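I have placed the structure first, in the form of structure tokens, so that the comments after it can refer back to it.
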Amino acid sequence: MNLALKGILYSLVAGLATTLGALPFMAMKKGISRRTLDILLGFAAGVMLAATAFSLVVPSIELGGPLRFVIGFTLGAIFVDIMDKLAPHEHLIKGYEGPLEHSKVSKIWLFVIAITLHNFPEGMAVGVGAFTTEALVIAMAIGVQNIPEGAAVMASLVGAGYKPTRALRISFLTGMVEVVGGLLGAILISVVRPLLPYAMAFAGGAMLFVISDEVVPETHSGGFERASTYSLIFGFIVMALLDNILG
Numbered sequence: 099m100n101l102a103l104k105g106i107l108y109s110l111v112a113g114l115a116t117t118l119g120a121l122p123f124m125a126m127k128k129g130i131s132r133r134t135l136d137i138l139l140g141f142a143a144g145v146m147l148a149a150t151a152f153s154l155v156v157p158s159i160e161l162g163g164p165l166r167f168v169i170g171f172t173l174g175a176i177f178v179d180i181m182d183k184l185a186p187h188e189h190l191i192k193g194y195e196g197p198l199e200h201s202k203v204s205k206i207w208l209f210v211i212a213i214t215l216h217n218f219p220e221g222m223a224v225g226v227g228a229f230t231t232e233a234l235v236i237a238m239a240i241g242v243q244n245i246p247e248g249a250a251v252m253a254s255l256v257g258a259g260y261k262p263t264r265a266l267r268i269s270f271l272t273g274m275v276e277v278v279g280g281l282l283g284a285i286l287i288s289v290v291r292p293l294l295p296y297a298m299a300f301a302g303g304a305m306l307f308v309i310s311d312e313v314v315p316e317t318h319s320g321g322f323e324r325a326s327t328y329s330l331i332f333g334f335i336v337m338a339l340l341d342n343i344l345g
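Listed below in structure tokens is the structure:
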């Protein structure tokens, strides 16, 4: 299979896992408890953390050496930081972030923008990862963490008063953001193959920034830090084992 097409298809499957996580909540009439939400997001953070370390950082260094890794990793973190400051967005728990002037943007679109900022580097990781031996592992990692993330998004939207059908459509769209990231990443590496170690490190830096700046603080702000931490550890273990088995 053409490697670029492989990256796009893998990112599509990983993105659809968000909908898979959301589907069980179609019958819900209210949201889930804060403890359950923190556990779901903690697990997703653990999977992302292991995927970043084992499937992006290590291959990037092996392919391009320490300098290319440092450059790409730093640029990825800076990119998400800048977008986080410039783009108005609404988090599940933390609430609004970004420029002060956002009254013309509906809350639901602010929320979609926030998920977009998170999911784009994940899709990019899958797209560029298709050009490495870690292709299946990266796609599996992103797909696995998308399941609890999709559940959290769906349950939060239903809890905020959205009808289940509309909440499911929004969850689906947030997953499709990863296809865009995968498409751009796959095309980029197809055209300029030497950028592969930079691109893998870039995706890793962006994902680590999201974990540290967004996911962990949110899961540690509701009084269920210990449950969230153990869930993160469990997610890390699951992904580390998957990487060992599939890698």
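So the sequence shown is numbered by the working numbering: it starts at 99 and just counts up by one.
Positions of the beta carbon are idealized from the N, C-alpha and C atoms, including for glycine.
No experiment lies behind these values; they were computed from the predicted model shown.
Check                                                                                                                                                      : Outcome
Between the C-alpha atoms of A125 and L294, what's the straight-line distance to the nearest angstrom?                                                     : 43 Å
Assuming V226 and A301 make a contact with CB atoms under 8 Å, what is their CB distance in whole Å?                                                       : 6 Å
Rank I331, S329, G273 and E323 by C-alpha distance to the C-alpha of G113 and give the top, closest one.                                                   : G273
For the alpha helix (DSSP H) that I245 lies in, which residues bound it at each end?                                                                       : A233 to G257
Return helix, strand or coil for G320, following the three-state DSSP convention.                                                                          : coil
Can you give me the start and stop residues for the alpha helix (DSSP H) that K183 sits inside?                                                            : V156 to L184
May I ask you to check if the CB of V224 is nearer than 7 Å to at least one heavy atom of the ligand FAD?                                                  : The model on display carries no ligand, and the ligand FAD is accordingly not part of it.
Apply the 10 Å Cβ neighbour rule to N342 and answer buried if 16 or more other Cβ atoms are within range, or exposed otherwise.                            : exposed
Whole beta strand (DSSP E) runs in the region 272-296 with 3 or more residues, listed along the chain?                                                     : none
If contacts are defined as beta-carbon pairs under 8 Å, then I176 and F167 qualify, I think. What distance do you get, rounded to the angstrom?            : 15 Å between Cβ atoms; not a contact.
Since L330 and A143 should fall inside the 8 Å C-beta cutoff, what is the C-beta to C-beta distance between them, to a whole number of angstroms?          : 5 Å
Tell me, to the nearest whole angstrom, how far the beta carbon of A228 is from that of G105; I am working on the premise that it is less than 8 Å.        : 3 Å
I'd like to know if the region 130-141 and the region 318-338 are in contact, where contact means that at least 3 CB-CB pairs between them fall below 8 Å. : yes
Smallest Cα separation from V256: which of R324, F123, L281 and D311?                                                                                      : F123
If distances are taken between C-alpha atoms only, which option among N217, V278 and L286 comes closest to M146?                                           : N217
Could you tell me whether the Cβ atoms of L389 and T172 are closer together than 8 Å?                                                                      : The requested residue 389 is not part of the displayed model; the chain covers only 99 to 345.
What are the start and end residues of the alpha helix (DSSP H) that includes V111?                                                                        : L101 to A120
Which term fits P164, buried or exposed, when burial requires 16 or more other beta carbons within 10 angstroms of its beta carbon?                        : exposed
Between which residues of its own chain and M252 is the CB-CB distance below 6 Å, once the five residues before and five after are set aside?              : A120, F123, A265 and S269
Rounded to the nearest angstrom, what separates V308 and L110 at their Cα positions?                                                                       : 21 Å
Can you give me the start and stop residues for the alpha helix (DSSP H) that I137 sits inside?                                                            : R132 to A148
Give me the Cα-Cα distance between K183 and M337, rounded to the nearest whole angstrom.                                                                   : 30 Å
So, with DSSP's three-state summary, where would you put M126?                                                                                             : coil
Can you tell me the Cα-Cα spacing of L234 and L103, whole angstroms?                                                                                       : 14 Å
Can you give me the C-alpha to C-alpha distance between G320 and N244, rounded to a whole angstrom?                                                        : 22 Å
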